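Novice:
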Amino acid sequence: MLNRIDKKTLSSMDIVFMLSLFVLLGASLLILSTASYNLIEDNPYHYVKTQAVWIISGLFIAGFVAYIDYIHWQKIIWWIYGANIFLLLLVIIVGSSAKGAQRWIPITSSISIQPSEFAKIFIIICFADFLVKRRGKLNTYRDFIPPFLYMLVPMLMILIQPDLGTALVFGAIFVGMMLIAGANPKKFCGIIFVGVLIVGLGFFFHFAANLPWPLSYLEGLPLPLQDYQLDRLTSFVNPGGDLSGDGYHVLQSVWAIGSGGLLGKGYQNGTQGQLNFLPEHHTDFIFSVVGEEFGFIGTVTLLFVFCIFLMRAISIGMKSRDFYGLLIVTGVVSMFLFHILINVGMTSGIMPVTGLPLPFISSGGSSMWANMMAVGLVLSVGLRRERNMF
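First residue of the sequence shown: 3, per my numbering; consecutive thereafter.
1. Taking the alpha carbon of threonine 168 as the reference point, which residue from Glu295, Glu282, Asn212, Val355 has its own alpha carbon closest?
2. In whole angstroms, what separates the C-alpha of proline 156 from that of valine 198?
3. Taking all protein chains shown into account, decide if threonine 142 is buried (16 or more other Cβ within 10 angstroms of its Cβ) or exposed.
4. Rounding to the nearest angstrom, what Cα-Cα distance links leucine 4 and isoleucine 78 in this structure?
5. What whole-angstrom Cβ distance do histidine 48 and isoleucine 57 have, given they're in contact under 8 Å?
6. Apart from the five residues on each side of it in sequence, which residues of its chain come closer than 6 Å, Cβ to Cβ, to glycine 60?
7. Do you know how far the Cα of serine 38 is from the Cα of histidine 283?
8. Buried or exposed, going by whether 16 or more other CB atoms sit within 10 Å of the CB of arginine 137?
9. Look at the alpha carbon of tyrosine 152 and the alpha carbon of isoleucine 288, and state the distance between them as a whole number of angstroms.
10. With contact counted as at least three CB pairs below 8 Å, one residue from each stretch, are the region 125-137 and the region 167-183 in contact?
11. Distance, Cα to Cα, asparagine 45 vs valine 252?
12. What would DSSP say about tryptophan 56, mapped onto helix, strand or coil?
13. What distance in whole Å lies between the Cβ atoms of tyrosine 83 and valine 383, which are believed to be in contact at a cut-off of 8 Å?
14. The ligand PLP and methionine 180: does any heavy atom of the ligand fall closer than 8 Å to the residue's C-beta?
15. For serine 364, which beta-bridge partners are listed by DSSP?
16. Please go through the same chain and pick out, in chain order, the residues whose beta-carbon is closer than 7 Å to the beta-carbon of threonine 285, but skip the five residues on each side of it.
17. Using a 10 Å radius around the Cβ and a threshold of 16 neighbouring Cβ atoms, would you call tryptophan 80 buried or exposed?
18. With contact counted as at least three CB pairs below 8 Å, one residue from each stretch, are the region 181-195 and the region 204-220 in contact?
19. Exposed or buried, tyrosine 326, counting other C-beta atoms within 10 Å across all chains shown (16 or more means buried)?
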């Protein structure tokens, strides 16, 4: 499975892609050094040190994945898919719980892994192969059923944990890869529109009151979500109506970003973050710290680097030597783009709070390693974009 990488192959590496990655990793350490400074009194840089460990080890993981010719993953696709299901099942059976969710498998007393993070990478590898074999055969509604069921199995296992945010990421990966794989755009987008409409109506009737007959029978329509999940998904609409829960968190985040102004309050001079008014400001709400302490200039700069990173990844995918490589990069870009849009949106108060971290920036070992595996896949595609002649 390991192919020798010579100087000619290394010359194919996208330097801009790598530079943008290192800028993001450096920004992570800088932002965490202020975002987590007051979380542990006797060790203010604990999260910075652990993040550095995750970054260094993650770079080795990315290098190892890039060293493997991505085409070889197709030979063990069902092993990868089976391992993915096994790990997700293991979480349900022996996983540890925290904050109302059972998402982690304990390794030691202080270290746990979150299989749902790696599940995103595994499903990209597997689903790309699944779609390659159905290229040109995604024209009817019936053709959409097998890919949907293929993706549905791990999605349901993640929803059981429950982890709605990651399940939504699976949905974004599914949509992005299906469209690039050649799914009939009118029919496929029509299904998406109907699905969004049904979900929207479900929320409307769940919270509706005093509807005229016969719609009154649909008032309080039950939804397959926990109460705290409903609160998270709806608090951004009227955060002032829930000042003791998620609405309070949204308001604190919006105030933090807004108070930063053009240039920000300065490094470690934020109030919402430094005084711990912001929830999870080293993970889910870390973008709020960027807005408060580095201002509009800081947030725009960070988003600009993300934009370069994604654009170079897209360029790598478009130059792929085969359709499988293109679909792998499509899945990776869809995953990163959805994470960024949702995280920035929820911290800005314009999207539901789903608990998705900001890629490469938020603290977290499983997230960093999974992201680095994704980077390795993109590099693997980019390093082998020229077809071998012999």
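Where a beta carbon is used, it is the ideal one built from N, C-alpha and C, also for glycine. Note that the structure is predicted; figures quoted are calculated from it, not measured.
Specialist: The answer reads as follows:
1. If we check each option's Cα against that of threonine 168, Val355 comes out closest.
2. Using only the alpha carbons, I get a separation of about 21 Å.
3. Classification for threonine 142: exposed.
4. Note on leucine 4: pLDDT 47, under 50, position unreliable in the model; the coordinate value appears next. Taking the straight line from one Cα to the other gives about 14 Å.
5. Contact flag wrong, Cβ pair sits at about 15 Å.
6. Once the five neighbours on either side are set aside, the close Cβ partners of glycine 60 are Met370, Trp371, Met374.
7. Each residue's Cα considered, the two are about 7 Å apart.
8. With fewer than 16 other beta carbons inside 10 angstroms of its own, arginine 137 counts as exposed.
9. Each residue's alpha carbon lies about 34 Å from the other.
10. Per the Cβ contact rule, the region 125-137 is in contact with the region 167-183 (3 or more Cβ pairs under 8 Å).
11. Rounded to the nearest angstrom, the gap between the Cα atoms of asparagine 45 and valine 252 is 28 Å.
12. It is helical.
13. Going by Cβ atoms, the distance from valine 383 to tyrosine 83 rounds to 20 Å, so no, they are not a contact pair.
14. Looking at this structure, you won't find the ligand PLP or any other ligand, since it has none at all.
15. For serine 364, which the question treats as bridged, DSSP gives no partner whatsoever.
16. If we look at threonine 285 and ignore the five residues flanking it on each side, its Cβ neighbours are Pro359, Ser364, Ser365, Gly366.
17. Residue burial is scored here from C-beta neighbours: tryptophan 80 has fewer than 16 other C-beta atoms within 10 angstroms and is therefore classed as exposed.
18. Flag = no, the region 181-195 and the region 204-220 do not touch.
19. With 16 or more Cβ atoms within 10 Å of its Cβ, tyrosine 326 is classed as buried.
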